[in-house]
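Asker:
There are 2 protein chains.
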Amino acid sequence: MPRSQNDSTRTTILKACRQLLEAGSGQPVRMSDVAKAAGVSRQAVYLHFPKRADLLIETARHIDDASDVDTRLAPSRNASSGVERLDRYIEAWGNYIPVVIPTARALIAMSETDEDARTTWANRMAAMREGCAAAVKALEADGNLSPALSAERATDLLWTLLSVGHWEDLVERCGWSQSDYVDSLKQLARAALLAPAAQARQPRITAL
Amino acid sequence: MPRSQNDSTRTTILKACRQLLEAGSGQPVRMSDVAKAAGVSRQAVYLHFPKRADLLIETARHIDDASDVDTRLAPSRNASSGVERLDRYIEAWGNYIPVVIPTARALIAMSETDEDARTTWANRMAAMREGCAAAVKALEADGNLSPALSAERATDLLWTLLSVGHWEDLVERCGWSQSDYVDSLKQLARAALLAPAAQARQPRITAL
DNA sequence: TCGGTGACTTGACACCGTGTCAAGCGCATT
DNA sequence: AATGCGCTTGACACGGTGTCAAGTCACCGA
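Here the protein sequences line up with chains S and F, keeping their order.
Mapping to our numbering: the first sequence position 124 is 124, numbers consecutive.
If you count the second sequence from 1, you need to add 208 to reach our numbering.
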């Protein structure tokens, strides 16, 4: 992982860290591993990131920056109906999960012992929840939200269905393909959130 | 946590470990913490449990033993219909989650670095999946399984809906009560798995 | 009553990963 | 030539796990 010309040392370290996390040795990534991968001394890493938690946090930010999150979310924001907004949001977030998951995992593990990591991850999840809330609100505006659910509860439900844990279970442990996952989640979200009448009006997404 | 008369040292340690995990300091429980809580030297702990992973694994077993798992599962096994079997299984497992969750969390964290912990947890999840598969089979036998789902997929779906991560999200992070969780999960499982016609035939569980 | 055995204690130590510190080095700027 | 900056080198403290050896103590059988 030699630094490619005009990358700053900081960026080189972040890229190396990301790469190691994505390589997924199974074992946790150490500061010295990152240093070695970045072709830099261990202390150089500490110079830029005082603690391991900081490195992980910044790596997550770095991935966000490199991933054009706004572009991913545009289709959902521009949707013309509640159900479409829901579908587009599930696509946007559901397809972003595999991008961030290795770093997310490290960050979550770090949360065990580090306060900053904990709040960083909590904030990310809160942001994701905003998207859920917006989709639910759009469903509600269309009169398609199940009468058995308050907006709050519906948001909770959607938020948990879209959790990274759920993705890990389905894709990694059950071996579903990414597109199976996204399609199934759309179906599941509809089944969970929509009023029965609204559900009947929607086309099936896949026939398995 | 003085040892109560006729408990062996081993049992005293297991109880202390469980208690510490359930106290939930936020910080990971150390071997020395367990020793102190059990009123025993740190080495005594290592005498009974060579590695931390062993202690955690045995603590999980110990909780199982103390919790009459078979009794919990009986209502599901004896159910007279697929839907009832499903409901009873969700109750059984859903209400067991809060019992094991502190230990489960420690075990999952340990899986990061320890092979034995990893396979132990995987085995527990595989066992839980058996219950899901049985419920799905019962639904299928009644002709109530959604035609859009294979038994395999339906099992995957139910299994992930019942994952401990999902419980943590809903109960701990969203603040749902345990009974809200169980009721919602029954509803959700029905919405996800049942054929539309079968769904219409089922009574609503709660009106929120 | 003695010897032995097994369970536990005490205290030391190696190992590893994190985080800190101080000194030094090369290089660009002035 | 002197300064400052980014990085390296090598050392060290700390905390948690896991290991080891010697010692204590109570109970059991001969």
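Yeah, the Cβ is synthetic: ideal placement off N, Cα and C, and Gly gets one too.
Closer than 8 Å, Cβ to Cβ, to anything on chain S: give me those residues from the region 363 to 375 of chain F, in chain order.
Answerer: Hits within the stretch, in order: ASP364, LEU365, TRP367, THR368, SER371, GLY373, HIS374.
Asker: I need the DSSP call for S/LEU145, collapsed to helix, strand or coil.
Answerer: Three-state DSSP puts S/LEU145 in a strand.
Asker: What runs of the alpha helix (DSSP H), each 4 residues or longer, lie entirely inside the region 10 to 66 of chain S?
Answerer: Those alpha helix (DSSP H) runs which fall completely within the region 10 to 66 of chain S and span 4+ residues are 31 to 38, 42 to 48, 52 to 65.
Asker: Under 8 Å, Cβ to Cβ, is there at least one residue of chain F near S/LEU139?
Answerer: Output row for S/LEU139: interface = no.
Asker: Using a C-beta to C-beta distance shorter than 8 Å, which residues of chain F count as neighbours of S/CYS174?
Answerer: Within 8 Å Cβ-Cβ: ASP364, TRP367, THR368.
Asker: Whose C-alpha, out of F/SER288, F/SER233, F/GLU360, F/HIS256, is nearest the C-alpha of S/ASN175?
Answerer: It is worth fixing the name first, because residue 175 of chain S is Gly in this sequence and not Asn. The shortest Cα separation from S/GLY175 among F/SER288, F/SER233, F/GLU360, F/HIS256 belongs to F/GLU360.
Asker: Here's a check: name, in chain order, each residue in its chain whose Cβ is nearer than 6 Å to the Cβ of S/GLY82, leaving out the five neighbours to either side.
Answerer: Answer for S/GLY82: ALA138, LEU139, ASP142, ASN144, listed in chain order.
Asker: Residues in the region 234 to 263 of chain F with C-beta within 8 Å of chain S's C-beta atoms, listed in sequence order?
Answerer: Taking 8 Å as the Cβ-Cβ cut-off against chain S, the residues of the region 234 to 263 of chain F that qualify are GLN235, PRO236.
Asker: How would you list, in chain order, the residues of chain F whose beta-carbon sits under 7 Å from the beta-carbon of S/GLU112?
Answerer: The contacting residues are PRO236, ALA317.
Asker: Is it the case that the Cβ atoms of S/THR160 and F/HIS374 are separated by a distance below 8 Å?
Answerer: A contact, by the Cβ cut-off of 8 Å.
Asker: Since S/ALA192 meets chain F, which of its residues come closer than 7 Å, beta carbon to beta carbon?
Answerer: What S/ALA192 touches in chain F: LEU396, ALA399.
Asker: Closest Cβ-Cβ distance between F/LEU229 and chain S: below 8 Å?
Answerer: It does not: the Cβ of F/LEU229 has no partner Cβ on chain S nearer than 8 Å.
Asker: Just how far apart, CA to CA, sit F/MET318 and F/ALA231?
Answerer: Rounded to whole angstroms, F/MET318 to F/ALA231 spans 18 Å at the Cα level.
Asker: Shorter than 8 Å from the beta carbon of F/ASP391 to some beta carbon of chain S?
Answerer: No, F/ASP391 lies away from the interface with chain S (no Cβ there is under 8 Å from its Cβ).
Asker: Comparing C-alpha positions only, which one of F/ALA335, F/TYR297, F/ASP276 sits nearest to F/ARG398?
Answerer: Among F/ALA335, F/TYR297, F/ASP276, the Cα nearest to that of F/ARG398 is on F/TYR297.
Asker: Cβ closer than 7 Å: which chain S residues qualify as neighbours of F/LEU378?
Answerer: Simply ASP156, THR160.
Asker: In whole angstroms, what separates the C-alpha of F/LEU416 from that of S/ALA195?
Answerer: Low confidence applies to F/LEU416: its pLDDT is 44, below 50, so where it sits in the model is not reliable enough to give any reading.
Asker: What is the DSSP secondary structure of F/ARG378, reduced to helix, strand or coil?
Answerer: The sequence given here has Leu at residue 378 of chain F, not Arg. In the structure shown, F/LEU378 sits in a helix (DSSP, three-state: H, G or I).
Asker: What residues in its chain sit with their C-beta under 7 Å from that of F/ALA243, if we drop five residues either side in the sequence?
Answerer: So the list reads SER249, ARG250, ALA252, VAL253, once near-sequence residues are dropped.
Asker: From the DSSP output, in three-state form, read off S/MET1 for me.
Answerer: Legend: pLDDT at S/MET1 = 48, less than 50; position of this residue unreliable, no value from coordinates given.
Asker: Contact criterion: CB-CB distance below 8 Å. Does S/MET1 meet it with respect to chain F?
Answerer: Low confidence applies to S/MET1: its pLDDT is 48, below 50, so where it sits in the model is not reliable enough to give any reading.
Asker: Considering only C-alpha positions, which residue in the set F/ASP262, F/ALA224, F/ALA405, F/GLY247 is nearest to F/ARG326?
Answerer: Nearest option by C-alpha distance: F/ASP262.
Asker: Go ahead and pull the three-state DSSP assignment for F/LEU370.
Answerer: F/LEU370: coil per DSSP, three-state reduction.
Asker: Would S/TRP93 pass as a contact of S/GLY39 if the rule is Cβ separation under 8 Å?
Answerer: No, the pair does not count as a contact, with Cβ atoms beyond the cut-off.
Asker: Return yes when at least one heavy atom of the ligand PLP lies under 7 Å from the C-beta of S/THR119, else no.
Answerer: Here there are no bound small molecules, and the ligand PLP is not part of this structure.
Asker: Going by C-alpha to C-alpha distance, which of F/ALA245, F/LEU396, F/ASN331, F/PRO236 sits closest to S/LEU149?
Answerer: That would be F/LEU396, whose Cα lies nearest to the Cα of S/LEU149.
Asker: Tell me, which residues are paired with F/LEU402 by DSSP?
Answerer: Note: F/LEU402 sits in a beta bridge opposite F/LEU353.
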